[in-house]
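Asks: Have a look at the structure that comes next, please.
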Amino acid sequence: MVVKGERIAAWTLLVLSACILIPSPRPLRADVLPCSGTRLKLSVQERGRSAVECFRFSLAVSGEGADEATALQQLNRRLASVRRELKPLVQGQLVVPAPHTHKRGRASEQRYVANTGVSGHVSLGSYDRLIQAVGAMPGVRLQGMESVAAPEKEAALRQRLMTDALNQGQADAATTARAIGRSEVTLLSIDRAGAMGRPRPLRMEAVAKGFDPMEAPEPTITLRLQLEYCLS
Numbered sequence: 001m002v003v004k005g006e007r008i009a010a011w012t013l014l015v016l017s018a019c020i021l022i023p024s025p026r027p028l029r030a031d032v033l034p035c036s037g038t039r040l041k042l043s044v045q046e047r048g049r050s051a052v053e054c055f056r057f058s059l060a061v062s063g064e065g066a067d068e069a070t071a072l073q074q075l076n077r078r079l080a081s082v083r084r085e086l087k088p089l090v091q092g093q094l095v096v097p098a099p100h101t102h103k104r105g106r107a108s109e110q111r112y113v114a115n116t117g118v119s120g121h122v123s124l125g126s127y128d129r130l131i132q133a134v135g136a137m138p139g140v141r142l143q144g145m146e147s148v149a150a151p152e153k154e155a156a157l158r159q160r161l162m163t164d165a166l167n168q169g170q171a172d173a174a175t176t177a178r179a180i181g182r183s184e185v186t187l188l189s190i191d192r193a194g195a196m197g198r199p200r201p202l203r204m205e206a207v208a209k210g211f212d213p214m215e216a217p218e219p220t221i222t223l224r225l226q227l228e229y230c231l232s
């Protein structure tokens, strides 16, 4: 279910004489058309939320030893355990970047530590089992968890926000046109450089205290458009 968010609109009225405009170099902005009337620039923001489909998690995995080879061997054993325990729970493939090593401790007591990360997706139904499995594995720590919307629902939400933003911009431009005695409103340009989506990460203390996945914050998308109109 998509929850409609708030709208924020701000405008700046610019009165310019007819002139020839040089196309903007910004890659996401169309060439600006000429206008013989009044130019109106609007900043429109739309925000919406979508239902949680799954969670994206990230783990930190480490190994330790008297030398680099021993630390990497322990890390590889722990990675094998992670893959074995999480394979029945995750959706898709686990992502494991190349490990890195460093020294720790004083020169006389120096040891080597090997670190890497593991990330993937888990369904709401498998969330609790994943948390329990991670907590039982030595050298494995949960780093983060964020809610993710289904791709088709996210695409539908983005399309809806775009439509709402353009409708809001057109309505605001028409209101301004009437206020200054103009009768026609023409959209000159759309700048989508500020468009973005922001999944909301879960707080780790909530996870540690027995977080209910059904109460996860919904993925939020914010769309920002810079619109320019000609009022004539």
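Mapping the sequence shown onto UniProt numbering, position 216 (from 1) lands on 216, and the numbers just tick up by one.
All C-beta atoms in this analysis are idealised placements derived from N, C-alpha and C, irrespective of residue type, glycine included.
1) Identify the residues that DSSP records as bridge partners of LEU161: which are they?
2) Work out the CA separation of GLN159 and GLY125 for me, nearest whole Å.
3) With residue 239 as the anchor, note down where its beta strand (DSSP E) starts and where it stops.
4) What's the call for ALA173, buried or exposed, on a 16-neighbour Cβ count within 10 Å?
5) Please state whether the Cβ-Cβ distance between GLU64 and ALA133 is less than 8 Å.
6) Using C-beta distances below 6 Å, list every residue in its chain close to THR12, excluding the 5 sequence neighbours before and after it, in chain order.
7) With distance defined between alpha-carbon atoms, name the residue in LEU79, GLN74 and MET214 nearest to TYR127.
8) Could you check the C-alpha separation between ALA177 and PRO151 for me, to the nearest Å?
9) Please state whether DSSP places GLU218 in a helix, a strand or coil.
10) What runs of the beta strand (DSSP E), each 3 residues or longer, lie entirely inside the stretch 120-196?
11) Just tell me which of THR222, LEU94 and VAL61 has its CA closest to the CA of SER44.
12) Give me, in chain order, the residues of the same chain whose beta-carbon lies closer than 7 Å to that of SER123; leave out the 5 immediate sequence neighbours on both sides.
13) Report back the beta-carbon spacing between LEU161 and GLU46 to the nearest angstrom; my notes put them in contact at under 8 Å.
14) For the beta strand (DSSP E) that contains CYS54, what are its first and last residues?
15) Beta strand (DSSP E) containing ARG106: first to last residue?
16) With a threshold of 8 Å on Cβ separation, who are the neighbours of TYR112 within its own chain once the five nearest residues in sequence on each side are excluded?
17) Smallest Cα separation from ALA98: which of GLU109, ARG106, SER81 and SER119?
18) Using 8 Å for Cβ pairs, my map puts LEU75 next to ARG83. What's the rounded Cβ distance?
19) Using the Cα positions of GLY144 and SER232, report the straight-line distance between them to the nearest angstrom.
20) Inspect the beta-carbon positions of residue 233 and LEU89 and report whether they are closer than 8 Å.
21) What's the gap between the Cα of ALA216 and the Cα of ASP191?
Replies: So, to answer that:
1) Beta-bridge annotation (DSSP): LEU161 is not paired with any residue.
2) In this structure, the alpha-carbon of GLY125 lies about 29 Å from that of GLN159.
3) The structure shown does not extend to residue 239, since the chain is modelled only from 1 to 232, so the question has no answer here.
4) Answer is buried; the Cβ neighbour count reaches 16.
5) For the 8 Å CB-CB criterion, GLU64 and ALA133 do not form a contact.
6) Its pLDDT being 36, under 50, THR12 is placed unreliably by the model, and nothing is read from it.
7) By alpha-carbon distance to TYR127, the top candidate from LEU79, GLN74 and MET214 is MET214.
8) Whole-angstrom Cα-Cα distance: 39 Å.
9) GLU218 falls in the coil class under three-state DSSP.
10) List check, beta strand (DSSP E) in window: 140-148 and 185-191.
11) Note that residue 44 is Val in the sequence shown, not Ser. The shortest C-alpha separation from VAL44 is found at THR222.
12) Result list for SER123: CYS54 and GLN91, in chain order.
13) Correct: roughly 4 Å between the Cβ atoms.
14) Here the beta strand (DSSP E) through CYS54 covers 54-65.
15) Note, ARG106: premise wrong, no beta strand (DSSP E); not H, not E.
16) If the five residues before and after TYR112 are omitted, its C-beta is found closer than 8 Å to the C-beta atoms of GLU64, GLY65, ALA66, ASP67, GLU68, THR70, ALA71, THR101, HIS102, LYS103 and ARG104, all from its own chain and listed in chain order.
17) The residue with the shortest Cα to Cα distance from ALA98 is SER119.
18) Going by Cβ atoms, the distance from LEU75 to ARG83 rounds to 13 Å, so no, they are not a contact pair.
19) CA-CA distance, GLY144 to SER232, rounds to 53 Å.
20) Missing from the structure shown is residue 233; the chain here goes from 1 to 232 and no further.
21) When the Cα atoms are used, ALA216 and ASP191 turn out to be separated by approximately 33 Å.
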